[in-house]
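Protein chains in written order, with our numbering: chain A, 88 to 682; chain B, 11 to 334.
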Amino acid sequence: MKTGAQSATHTASASRAAAEHLVSLFGERVLAQQVTVDDIPTLWFARDTIVQVLTILRDEMFAGAKFEMLFDLTAIDERLRVNRQGQPASDFTVVYQLMSFSGNVDLRLKVPLQDADLCLPTVTHLWPNANWYEREVWDMFGIRFDGHPNLYRLVLPPTWEGHALRKEHPARATEMEPFSLDDAQTDIEQEALKFKPEEWGMKRASDDSEFMFLNLGPNHPSVHGAFRIAVQLDGEILVDAVPDIGYHHRGAEKMGERQSWHTFIPYTDRIDYLGGVMNNLPYVMAVEKMAGIQVPDRVKTIRIMLSEMFRICSHLLFYGTFAQDVGQLSPIFYMFVERERIFNIIESICGARMHPGWFRIGGVAQDLPQGWDKQIRELLEFMPPRLDEYDAMVLNNGILKRRTQGVGAYTTQDAFDWGVTGAGLRATGFEWDMRKQRPYSGYENFDFDVPIAANGDCYDRCAVRVEEMRQSLRIIKQCVDNMPSGDYKSSHPLTTPPRKEKTMQDIETLINHFLSVSWGPVIPPNEVSMAVEATKGINSYYLVSDGNTTSYRTRIRTPSFAHLQMIPAISRGFMVSDLIAIIASIDFVMADVDR
Amino acid sequence: MGWIEWQVGSGLNIASILLVVIVVAAMLIWVERRLLGFWQDRLGPNRVGPFGLLQVVADMIKIFTKEDWVPPFADRFSFVLAPTIIMIVILLSFSVVPFAPGVGVVDSNVGVLFVLAMASLGAYSVMLGGLSSDNKYALLGSLRAAAQMVSYEVFMGISLLGVVALAGTFNLREIVEVQENGWFVVPQFVGFLIFLIAGVAESHRLPFDIPEAEQEICAGYHTEYSGMKFGMFFVGEYLGLVLISSLITVLFFGGWHGPFGIGLLPPLVWFALKASAFIAFFILLRAAIPRPRYDQLMSYGWLFLLPLSLINLLVTGVVILAAN
Numbered sequence: 088m089k090t091g092a093q094s095a096t097h098t099a100s101a102s103r104a105a106a107e108h109l110v111s112l113f114g115e116r117v118l119a120q121q122v123t124v125d126d127i128p129t130l131w132f133a134r135d136t137i138v139q140v141l142t143i144l145r146d147e148m149f150a151g152a153k154f155e156m157l158f159d160l161t162a163i164d165e166r167l168r169v170n171r172q173g174q175p176a177s178d179f180t181v182v183y184q185l186m187s188f189s190g191n192v193d194l195r196l197k198v199p200l201q202d203a204d205l206c207l208p209t210v211t212h213l214w215p216n217a218n219w220y221e222r223e224v225w226d227m228f229g230i231r232f233d234g235h236p237n238l239y240r241l242v243l244p245p246t247w248e249g250h251a252l253r254k255e256h257p258a259r260a261t262e263m264e265p266f267s268l269d270d271a272q273t274d275i276e277q278e279a280l281k282f283k284p285e286e287w288g289m290k291r292a293s294d295d296s297e298f299m300f301l302n303l304g305p306n307h308p309s310v311h312g313a314f315r316i317a318v319q320l321d322g323e324i325l326v327d328a329v330p331d332i333g334y335h336h337r338g339a340e341k342m343g344e345r346q347s348w349h350t351f352i353p354y355t356d357r358i359d360y361l362g363g364v365m366n367n368l369p370y371v372m373a374v375e376k377m378a379g380i381q382v383p384d385r386v387k388t389i390r391i392m393l394s395e396m397f398r399i400c401s402h403l404l405f406y407g408t409f410a411q412d413v414g415q416l417s418p419i420f421y422m423f424v425e426r427e428r429i430f431n432i433i434e435s436i437c438g439a440r441m442h443p444g445w446f447r448i449g450g451v452a453q454d455l456p457q458g459w460d461k462q463i464r465e466l467l468e469f470m471p472p473r474l475d476e477y478d479a480m481v482l483n484n485g486i487l488k489r490r491t492q493g494v495g496a497y498t499t500q501d502a503f504d505w506g507v508t509g510a511g512l513r514a515t516g517f518e519w520d521m522r523k524q525r526p527y528s529g530y531e532n533f534d535f536d537v538p539i540a541a542n543g544d545c546y547d548r549c550a551v552r553v554e555e556m557r558q559s560l561r562i563i564k565q566c567v568d569n570m571p572s573g574d575y576k577s578s579h580p581l582t583t584p585p586r587k588e589k590t591m592q593d594i595e596t597l598i599n600h601f602l603s604v605s606w607g608p609v610i611p612p613n614e615v616s617m618a619v620e621a622t623k624g625i626n627s628y629y630l631v632s633d634g635n636t637t638s639y640r641t642r643i644r645t646p647s648f649a650h651l652q653m654i655p656a657i658s659r660g661f662m663v664s665d666l667i668a669i670i671a672s673i674d675f676v677m678a679d680v681d682r
Numbered sequence: 011m012g013w014i015e016w017q018v019g020s021g022l023n024i025a026s027i028l029l030v031v032i033v034v035a036a037m038l039i040w041v042e043r044r045l046l047g048f049w050q051d052r053l054g055p056n057r058v059g060p061f062g063l064l065q066v067v068a069d070m071i072k073i074f075t076k077e078d079w080v081p082p083f084a085d086r087f088s089f090v091l092a093p094t095i096i097m098i099v100i101l102l103s104f105s106v107v108p109f110a111p112g113v114g115v116v117d118s119n120v121g122v123l124f125v126l127a128m129a130s131l132g133a134y135s136v137m138l139g140g141l142s143s144d145n146k147y148a149l150l151g152s153l154r155a156a157a158q159m160v161s162y163e164v165f166m167g168i169s170l171l172g173v174v175a176l177a178g179t180f181n182l183r184e185i186v187e188v189q190e191n192g193w194f195v196v197p198q199f200v201g202f203l204i205f206l207i208a209g210v211a212e213s214h215r216l217p218f219d220i221p222e223a224e225q226e227i228c229a230g231y232h233t234e235y236s237g238m239k240f241g242m243f244f245v246g247e248y249l250g251l252v253l254i255s256s257l258i259t260v261l262f263f264g265g266w267h268g269p270f271g272i273g274l275l276p277p278l279v280w281f282a283l284k285a286s287a288f289i290a291f292f293i294l295l296r297a298a299i300p301r302p303r304y305d306q307l308m309s310y311g312w313l314f315l316l317p318l319s320l321i322n323l324l325v326t327g328v329v330i331l332a333a334n
């Protein structure tokens, strides 16, 4: 507990120091400084200076620290926002969130834009991963990025009208005209989906051969959902590729602006649909931070225990499908045995299996049932020897090694450039785990290792995840052995649903209870960003509250989105079979990419 | 054998072999799924009939009643021709297989060569199927298939020559008779291994199902096939499996002879037992091993199997010469 408190104060003071330094460094270029509850320094810059500032931040900072990664890039439609005290006038604000691994701090930069003139310079030359983020902002808000190489729509169909995350865009199908698709429109849509190599600067032939353009997906056995990659092939050698996403888009961020703070929780389960309650965690922690709720230790430990179970489930499915995509039929069936056991445990605790939606603002839905630890202890006995068997079957298999070692490798610097986090980053030999570096929910009290590998290839990404399962089992064991007693819910009035004991005794509690269960809690105006080490990398929720029962802006930064963008860069020059191994090794689900 | 005169090449013989071979191949669909289920901690098909035995019937009804569809962009003639080739050449190969004394279709003195020739023709089926489909995945599949089958034929042929040299004949029936007192798997163990590997590659089953590679090129050369034409590819693959297992039995494991001269069981039963064991082994192989990459399979063949099979042949020749 002590180390955790120390590291928390360290982070906060480091952030303050960074903020002061930046204000003195950039002087008059800083339009304003904003204070947010998450202690991330938030500075406003004009669009003429933003590229210059970002370049300085990427290349030189202070005391050896740099901002290596463009963690997130998004925008806010500010036109209906009421509580903007101290912020420069802006219709649309573009938000850059940078992450420094060397200094272990984050930084948020904002650029105000006026409705009449929605454009700003691109930063794709600074961070290649800005490409998709800028396309997404163009798609969702209609903000242009000058100098962007291919500023096409990314998530919505190319024929879509309007920009979905603008406030005037309807959130529900019932607010729009009834949908119909006649033959003529079908042809137009089909034509719009056709891959045109020239749009992407691809040639149809080289000097000595003609290229084949192959549509891999949106329905293909190995793309793990609805995902299309248009590949340019010379024989079986991959010359270039263009990933095409958006087939699994549900508008989760838009739903966040429509659902109450409480009723959005089950939607988060479906973001990374293999991560279950792990998705609830960053969201509820972000809301709790704005509401000022401190949750009891028992809640923290329950949350960790369930999250780690879901981490194992997700990794098991990855492990099995990875082997399957390399052509090994059987492992996935064995791995479903453990997965089934874990789902049975989760079901006995939460009442649901894959998407329990079980965390609540200020706690969890219910206390642990009686005898909850028996099945978990059995699992802790049952699983380790089976994991060793899987190693013998999959990781130590000669053919699998030859198929995956040296394939799709990248360095730590590449990982920073492309926004790669999680096992993909650790496989390059860089030890970074949010649970260690910035402990949340009480991870500082647990004893576990952060596995890393050296080469950053497909094999290493798999090996890191396999070891992570063992570490997760260690964490779960410590949860079972040391589960704190106490409440499963905070007594803070904004806890949802609120505690009921005192409602019949004083009018204040009764009113609070009535409002919170009818309207839902009203969260004080603020901004917060909360990141966790999710199953696939760093998952973060950036929430803007305007003092209402719903979120003003919900930004979900998912790891898979960043990872998919990297596919062409790491698969050029390999064969089609290698591309499949690379896709398998990334471990993504399309729901996590498209949101 | 009872009151019917069993004679190689009699009408009854031909009819019953054809029937048994096709029924066995069809039943293998069920056998494979059940065995895979058993090895993979699950049940497999167990709903239709006792132990799911009638699953094959259900599958057949489905396949026969499906619309006989040829994609409009395909080359109709070769599209229809391709699956028939594989059925015909494999069934023809069975004609030279000596199942037991008196049981067989033809007693050919070039049996080994005939089998190899038919295997070469089989490559056309896969190539035509992929090319006529006018589908990029099918094209990739048939390119892979052509390279793989043509290459592995070479090693298959050379690996057999050791047996031929030892037996002094190309006649499969005589090869079995020579093995009465000792199976060729002992002196020709290397040849056996190479033939086994090449056999899997020729029948393109996992781990060497590179022309179909579902995870990569979605069933490859037969992507566009459905209904009965797909069924012919499907059954053709199982026929190929039975054929390779029978050939291993004939060439290396003494055909209908029991081990160490034990005559306990009827010859046909010995043959069936041995062939079944190899079929089960091939299914186990599919459950256990991942798929190598296409270029890895090629370099493994040409850089490792080819020299090995040549050395095997050379050593066999030297030993035979020295013994004489």
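Here a beta-carbon is modelled for each residue, glycine too, at the ideal position from N, C-alpha and C. From a predicted model like this one, the values you see are computed outputs, not experimental measurements.
The Cβ of Asp-85/B sits no closer than 8 Å to any Cβ of chain A. Think of a sphere of 9 Å around the beta carbon of Val-424/A: the chain B residues whose beta carbon falls inside it are Asp-51, in chain order. Relative to Phe-423/A, the option among Met-37/B, Asp-51/B, Val-34/B whose CA is nearest is Asp-51/B. Only residues of its own chain outside the window of five on either side were considered, and among them Arg-168, Val-169, Asn-170, Pro-612, Tyr-639 have a CB closer than 6 Å to the CB of Asp-633/A, listed in chain order. Between Tyr-527/A and Met-677/A, the C-beta gap is not smaller than 8 Å, which leaves the two residues out of contact. Neighbourhood of Ile-227/B in chain A, by CB distance below 8 Å: Val-663, in chain order. Residues of the region 402-434 of chain A that bring their beta carbon within less than 7 Å of a beta carbon in chain B comprise Ala-410, Gln-411, Asp-412, Val-413, Gly-414, Gln-415, Leu-416, Ser-417, Phe-420, Tyr-421, Val-424, in sequence order. When only Cα atoms are considered, Leu-203/B and Ala-156/B end up about 23 Å apart. Pairwise C-beta distances place the region 574-586 of chain A out of contact with the region 398-411 of chain A, as fewer than three of them are shorter than 8 Å. As the crow flies, the alpha-carbon of Leu-153/B is around 14 Å from that of Cys-228/B. Separation of Asp-178/A and Asp-327/A (C-alpha to C-alpha, rounded to the nearest whole angstrom) is 39 Å.
Judged by their CB atoms, Lys-376/A and Met-556/A are not nearer to each other than the 8 Å cut-off. Membership of Arg-642/A in the beta strand (DSSP E) is indicated by the continuous run 640-644.
Nearest CB-CB separation between Met-299/A and chain B: below the 8 Å threshold. Assigned with DSSP and collapsed to three states, Tyr-310/B falls in helix. Listed along the chain, the chain A residues whose CB falls inside 9 Å of the CB of Tyr-304/B are Glu-323, Met-662, Val-663, Ser-664. Proximity of the region 212-226 of chain B to the region 657-667 of chain A meets the contact definition, three or more beta-carbon pairs being nearer than 8 Å. Rounded to whole angstroms, the separation of the alpha carbons of Gln-120/A and Ile-594/A is 41 Å. Here Cys-206/A is exposed: its Cβ has fewer than 16 other Cβ atoms, across all protein chains shown, within 10 Å. Out of Asp-159/A, Leu-393/A, Met-653/A, the CA that lies nearest to the CA of Thr-498/A is found in Met-653/A. For the region 476-497 of chain A, the beta-carbon criterion of a distance under 7 Å to any beta-carbon of chain B is satisfied by Asn-484, Ile-486, Leu-487, Arg-489, Arg-490. Cβ proximity to chain A below 8 Å picks out Arg-296, Ala-297, Ala-298, Ile-299, Pro-300, Arg-301, Pro-302, Arg-303, Tyr-304, Asp-305, Gln-306 from the region 288-318 of chain B.
Interface flag for Pro-217/B against chain A is set, since a Cβ pair is found closer than 8 Å. Counting only the Cα atoms, Phe-180/B lies some 6 Å from Asn-119/B.
Pairwise C-beta distances place the region 105-121 of chain B in contact with the region 268-278 of chain B, as three or more of them are shorter than 8 Å. Between His-307/A and chain B, the shortest Cβ-Cβ separation is below 8 Å. Separation of Ser-102/A and Leu-194/A (C-alpha to C-alpha, rounded to the nearest whole angstrom) is 8 Å. CA-to-CA, the gap between Gln-453/A and Phe-218/B works out to about 52 Å. Chain-order list of chain A residues neighbouring Lys-146/B: Met-299, Phe-300, Leu-301, Asn-302, Leu-320, by C-beta distance under 9 Å. In the displayed model, Leu-361/A falls within coil according to three-state DSSP, outside both helix and strand. Chain-order list of chain A residues neighbouring Glu-212/B: empty, with the shortest C-beta distance near 18 Å, by a criterion of under 8 Å. Sequence-distant partners of Gly-264/B (beyond 5 residues in either direction) whose C-beta falls short of 6 Å from its own C-beta, in its chain, are Gln-189, Trp-193. C-alpha of Asp-164/A to C-alpha of Val-138/A: approximately 21 Å in a straight line.
At least 8 Å separates the beta-carbon of Ala-68/B from that of Ser-143/B. When only Cα atoms are considered, Trp-505/A and Ala-514/A end up about 15 Å apart. For Met-186/A, the closest alpha carbon among the candidates Arg-166/A, Ala-203/A, Phe-158/A, Phe-535/A is that of Phe-158/A.
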